[in-house]
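Those protein sequence lines, which keep their order, are chains A and B.
Residues 1 to 442 in my numbering are what the first sequence lists, from first letter to last.
Residues 443 to 688 in my numbering are what the second sequence lists, from first letter to last.
The beta carbon of each residue, even a glycine, is placed where N, CA and C say it ideally should be.
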Amino acid sequence: MPTVPGSSWGRWPRHAHAQCVPVSDRFRAPDFADGAPCLPWGNGRSYGDSCQNADGRLLLTQGLDRFIAFDLDTGVLECEAGVQLADIIDLVLPKGWFVPVTPGTRFVTVGGAIANDVHGKNHHRAGSFGHHVTGFELLRSDGSTRWCTADGQHAAWFAATIGGLGLTGLIRRARLQLRRVPGAWLTGQSHRFGNLAEFFALSRESDRDYEYTVSWLDCTARGDALGRGVFMRGNHAPIEGRVPRERALRVPVTPPVSLINRLSLQAFNRLYYARPSARCDAATWHYRPFFYPLDSVLEWNRIYGPRGFFQYQCVVPPEPAQDALTGMIDAIARSGSGSFLAVLKMFGERPSAGLLSFPRPGATLALDFPNQGEDTLRLLERLDEITRAAGGAVYPAKDARMSAASFQQYFPRWREFGAFVDPRFSSSFWRRVTEPVSCKES
Amino acid sequence: MQRVLIIGATSAIAEATAREFARRGDRLFLVGRRADALEAIASDLRLRGAPQVEIRAQDANDRSAHETMIDAAEAAIGEIDSALIAYGTLSDQAACERSVDQMLAEFDTNALSQMALMTRLANRFEARRRGTIAVISSVAGDRGRRSNYVYGSAKAAVSAFTSGLRQRLYRSGVTVVTIKPGFVDTPMTAGFKKGGPLWASPADVGGAIARAMISGRPVAYTPWFWWAIMQIIRNIPETLFRRLSL
Ligand SMILES: Cc1cc2nc3c(=O)[nH]c(=O)nc-3n(C[C@H](O)[C@H](O)[C@H](O)COP(=O)(O)OP(=O)(O)OC[C@H]3O[C@@H](n4cnc5c(N)ncnc54)[C@H](O)[C@@H]3O)c2cc1C
Ligand SMILES: NC(=O)c1ccc[n+]([C@@H]2O[C@H](COP(=O)([O-])OP(=O)(O)OC[C@H]3O[C@@H](n4cnc5c(N)ncnc54)[C@H](OP(=O)(O)O)[C@@H]3O)[C@@H](O)[C@H]2O)c1
Numbered sequence: 001m002p003t004v005p006g007s008s009w010g011r012w013p014r015h016a017h018a019q020c021v022p023v024s025d026r027f028r029a030p031d032f033a034d035g036a037p038c039l040p041w042g043n044g045r046s047y048g049d050s051c052q053n054a055d056g057r058l059l060l061t062q063g064l065d066r067f068i069a070f071d072l073d074t075g076v077l078e079c080e081a082g083v084q085l086a087d088i089i090d091l092v093l094p095k096g097w098f099v100p101v102t103p104g105t106r107f108v109t110v111g112g113a114i115a116n117d118v119h120g121k122n123h124h125r126a127g128s129f130g131h132h133v134t135g136f137e138l139l140r141s142d143g144s145t146r147w148c149t150a151d152g153q154h155a156a157w158f159a160a161t162i163g164g165l166g167l168t169g170l171i172r173r174a175r176l177q178l179r180r181v182p183g184a185w186l187t188g189q190s191h192r193f194g195n196l197a198e199f200f201a202l203s204r205e206s207d208r209d210y211e212y213t214v215s216w217l218d219c220t221a222r223g224d225a226l227g228r229g230v231f232m233r234g235n236h237a238p239i240e241g242r243v244p245r246e247r248a249l250r251v252p253v254t255p256p257v258s259l260i261n262r263l264s265l266q267a268f269n270r271l272y273y274a275r276p277s278a279r280c281d282a283a284t285w286h287y288r289p290f291f292y293p294l295d296s297v298l299e300w301n302r303i304y305g306p307r308g309f310f311q312y313q314c315v316v317p318p319e320p321a322q323d324a325l326t327g328m329i330d331a332i333a334r335s336g337s338g339s340f341l342a343v344l345k346m347f348g349e350r351p352s353a354g355l356l357s358f359p360r361p362g363a364t365l366a367l368d369f370p371n372q373g374e375d376t377l378r379l380l381e382r383l384d385e386i387t388r389a390a391g392g393a394v395y396p397a398k399d400a401r402m403s404a405a406s407f408q409q410y411f412p413r414w415r416e417f418g419a420f421v422d423p424r425f426s427s428s429f430w431r432r433v434t435e436p437v438s439c440k441e442s
Numbered sequence: 443m444q445r446v447l448i449i450g451a452t453s454a455i456a457e458a459t460a461r462e463f464a465r466r467g468d469r470l471f472l473v474g475r476r477a478d479a480l481e482a483i484a485s486d487l488r489l490r491g492a493p494q495v496e497i498r499a500q501d502a503n504d505r506s507a508h509e510t511m512i513d514a515a516e517a518a519i520g521e522i523d524s525a526l527i528a529y530g531t532l533s534d535q536a537a538c539e540r541s542v543d544q545m546l547a548e549f550d551t552n553a554l555s556q557m558a559l560m561t562r563l564a565n566r567f568e569a570r571r572r573g574t575i576a577v578i579s580s581v582a583g584d585r586g587r588r589s590n591y592v593y594g595s596a597k598a599a600v601s602a603f604t605s606g607l608r609q610r611l612y613r614s615g616v617t618v619v620t621i622k623p624g625f626v627d628t629p630m631t632a633g634f635k636k637g638g639p640l641w642a643s644p645a646d647v648g649g650a651i652a653r654a655m656i657s658g659r660p661v662a663y664t665p666w667f668w669w670a671i672m673q674i675i676r677n678i679p680e681t682l683f684r685r686l687s688l
């Protein structure tokens, strides 16, 4: 079992839970009344503590993994909330359908994808996951169930639960609108860009003609090379090729220290930028390496050693984006730290469906840092300062440390959301970010 | 295409096994106690590729209904090629020590009713000179231990029964498969602390069961390393074993 129930992908923090309660029968409610507060747990692909509930109970939903109905003609799929996107793709791709939005790993559950309103490389076109959810069943701890839709009777519950961090109740099943595809392959291009201005220009030019765009950023480069990276864009295409082998590698053990350090970072980033395939005018990709480059190394999160690592993903509005990103790259370089994989993308304009959804117009940057204690926390707080000043936000699915004041600024509707939180549900994240904030701080 | 009967089909391990058969395009007949859960599993298996899935809600301890159940299965999907007995309960050892009735009830579920079913299936298959009977026993049946010897001895009865049945049916070309899983992360083990290399997922175990049933392997420890662990445990002398608290 690769993922230990109750853990999170960043392997930090590591909270102990009073109980892990498997939920595998959608016709029977777990016993909510008896015991500590509950939090649903999908597949633990969130990085920080939003999928943890210290001293509380986790409702493990991996056993809620049944398909319920699939309409071949309309592409509407109904399934239980613990079904993973990987299973959906295996089922529907041979029939010409694909998930409408996918994060960078396919090992996430439908419930988890809804609760974080996840986004993918097609955000500028397709919006986020919640835009493609046509309904779901929400079970509350009082035993009541609601079928929630975007514009039906329970629309307010719908908006609270999309991006609702698992706090509004347990999603037991959901209906999704899939998208048609000609097959398993994509075509497109890959270009180097020398600085951020070039990145923004490439984005503007590509977002019209390409459904998927994403960039890798070399955040170890400074001076003239600051903001350089590789831009990738692609579309589904009716071509065939050799299907890559699945599940090639697994990181077998956790090394005693992080294998990611300044040296390996610089070497990797330089090579990645310089490799010949960074520039390619007619690239073809199988969907797996295109969407899920990291899924081929199972348990890659172990390379950061026993102390785990932090992800940091922010979004900053379009206007201050260039300055804010420059400030961040500078702060990272100055700190002597660095990110192995820095991913940069422009979100589209489509307003998200959830009260607490993260995606909003602007540039989003995702970084990861080995956990080096106080130094790392200081750097992340510095990045938060920049994000706050730019009027941006940080992604809860990847957070283990943002302050309550930051959260409350990033997600101004959090109080309104609070009214929908199930009285018997909670999470470590939620307790942390809803602490009272002193006037001075806010 | 095979016609597969699964008794105890709401079990997590059985469901994972059924998915393997569905992927292969087999026809399935599912028996279990909860009709709504069976219907949900059946819809899922149809989407995963099974051309036909029929269900029957029935308590497997109702031994008088076994014959009509098998009749119903064969009427619905045709002559059974392969049957899997997958139900069971993880007996509350302490309660079984206090209550003889409870101890006997556990034996009913985990041994007697299963031996009754196997006998009926065996007689049909022997007459036809073909078929596979598989049953999920457990590594716990390899040696009685104080922490769960009621469950363990019922599983031991099943293991010994299948071993004899296998010899009896060998000549008529009927296959008997004894499956011995180790720790599997299912609702049955909800109360255990999980994680670590000894725990397997229902999907892994289900895959191993389907492979064992298809290839006709006599005894399948799953995952395989339990064979080695049980070799050691079986060979500890009783004079020493009685002092241990396993
Ligand atoms: C390699 C990698 C790449 C990633 N790339 C992206 C990306 O590109 N875009 C992006 O948006 N995210 C990305 N993520 C983050 C990931 O998509 C989200 O954290 C996702 O929510 C994880 O889903 P999960 O099923 O593992 O849920 P968990 O992490 O276990 O839980 C996530 C949240 O969902 C809630 N939840 C789970 N199931 C239910 C349910 N049935 N009912 C109610 N609430 C529920 C939990 O309580 C928790 O709040 C990535 C993660 C990894 C590891
Ligand atoms: N999990 C392990 O670690 C492990 C290890 C070794 C062997 N096993 C064996 O594997 C088999 C499957 O268990 P599991 O792990 O998959 O657990 P499970 O999901 O709890 O399944 C047990 C199933 O048995 C069914 N059942 C119990 N009594 C029944 C009866 N009288 N009639 C019909 N169905 C009955 C239950 O039905 P309801 O749904 O109606 O309750 C349940 O679906 C069992 O034989 C078990 O002993 C398990």
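- Taking a beta-carbon distance threshold of 7 Å, B/Ala479 counts as an interface residue toward chain A.
- Under a 10 Å Cβ-count criterion, B/Trp641 is classified as buried, with 16 or more other Cβ atoms of the shown protein chains found around its own Cβ.
- If you ignore the 5 residues before and after A/Val433, its C-beta comes within less than 6 Å of the C-beta of Ala404 and Phe407, all in its own chain and listed in chain order.
- Contact check between the segment 567–579 of chain B and the segment 600–607 of chain B: three or more CB pairs, one atom from each, fall below 8 Å, which counts as touching.
- In this structure, DSSP gives A/Phe268 a helical state, which the three-state scheme calls helix.
- Between the C-alpha atoms of B/Phe667 and A/Ser258 there is a straight-line separation of about 31 Å.
- If the five residues before and after B/Leu489 are omitted, its C-beta is found closer than 7 Å to no C-beta atom of its own chain.
- Residue state for A/Met232 is assigned as strand, using DSSP reduced to three classes.
- Per DSSP, B/Met630 lies in no beta strand (DSSP E) segment and is marked neither H nor E.
- The beta-carbon separation of A/Phe32 and A/Leu186, rounded to 44 Å, does not stay under the 8 Å limit for a contact.
- Contact annotation for A/Ile68 against chain B: Ser485 [CB-CB distance below 7 Å, chain order].
- Taken through DSSP and simplified to helix, strand or coil, A/Leu249 comes out as strand.
- The shortest CA-to-CA distance from A/Tyr212 to any of A/Lys121, A/Asn301 and A/Arg270 is the one to A/Lys121.
- For A/Ser352, the shortest separation between its Cβ and any heavy atom of ligand 2 does not lie below 6 Å.
- As a beta-bridge residue in DSSP terms, B/Thr664 pairs with B/Pro623.
- A Cβ of chain B is located within less than 7 Å of the beta carbon of A/Phe27.
- Apart from sequence neighbours up to five positions away, the residues of its chain that approach B/Leu480 with a beta-carbon distance below 7 Å are Ala451, Thr452, Leu472, Gly474, Ile497 and Ala499, ordered along the chain.
- A contact between stretches requires three or more CB pairs, one per stretch, nearer than 8 Å, and the segment 457–471 of chain B fails this requirement with the segment 42–50 of chain A.
- A distance criterion of 6 Å places the beta-carbon of A/His132 beyond contact range of ligand 1, judged by its closest non-hydrogen atom.
- Taking a cut-off of 8 Å for Cβ pairs, the segment 373–393 of chain A and the segment 321–334 of chain A touch, as three or more such pairs fall below it.
- A/Lys95 counts as exposed, since fewer than 16 other C-beta atoms from the protein chains shown sit within 10 angstroms of its C-beta.
- Proximity of B/Leu489 to chain A, defined by a Cβ-Cβ separation below 7 Å, is satisfied.
- Annotation for B/Met443: no beta strand (DSSP E) segment contains it, and DSSP assigns it neither H nor E.
- At a threshold of 6 Å, A/Ser426 does not count as near ligand 1, since its beta carbon sits no closer than that to any of the ligand's heavy atoms.
- Not a single CB atom of chain B sits nearer than 7 Å to the CB of A/Pro306.
- For A/Ala197, there are no CB contacts under 6 Å within the same chain when 5 residues up- and downstream are skipped.
- Under the criterion of beta carbons closer than 8 Å, A/Arg26 and A/Leu77 do not qualify as touching, at roughly 16 Å.
- Linking A/His131 to A/Ser352 through their CA atoms gives a straight-line distance of about 7 Å.
- Its chain contains Val581 and Trp668 as the residues whose beta carbon lies nearer than 6 Å to that of B/Gly624, once the 5 sequence neighbours on both sides are disregarded; these appear in chain order.
- The C-beta distance from B/Ile522 to B/Leu559 rounds to 12 Å, too long to meet the 8 Å contact threshold.
- Scanning chain B for C-beta atoms nearer than 7 Å to the C-beta of A/Ser24 yields Ala454 and Pro629, reported in chain order.
- For A/Ile386, the enclosing alpha helix (DSSP H) has its first and last residue at Glu374 to Ala390.
- Taking 6 Å as the cut-off, the C-beta of A/Val118 counts as close to a heavy atom of ligand 1.
- With respect to the 7 Å criterion, B/Gly648 and B/Thr459 are classified as neighbours on the basis of their beta carbons.
- Boundaries of the alpha helix (DSSP H) harbouring B/Val542: Val542 to Phe549, taken from the DSSP string.
- Not a single heavy atom of ligand 1 lies less than 6 Å from the C-beta of A/Cys38.
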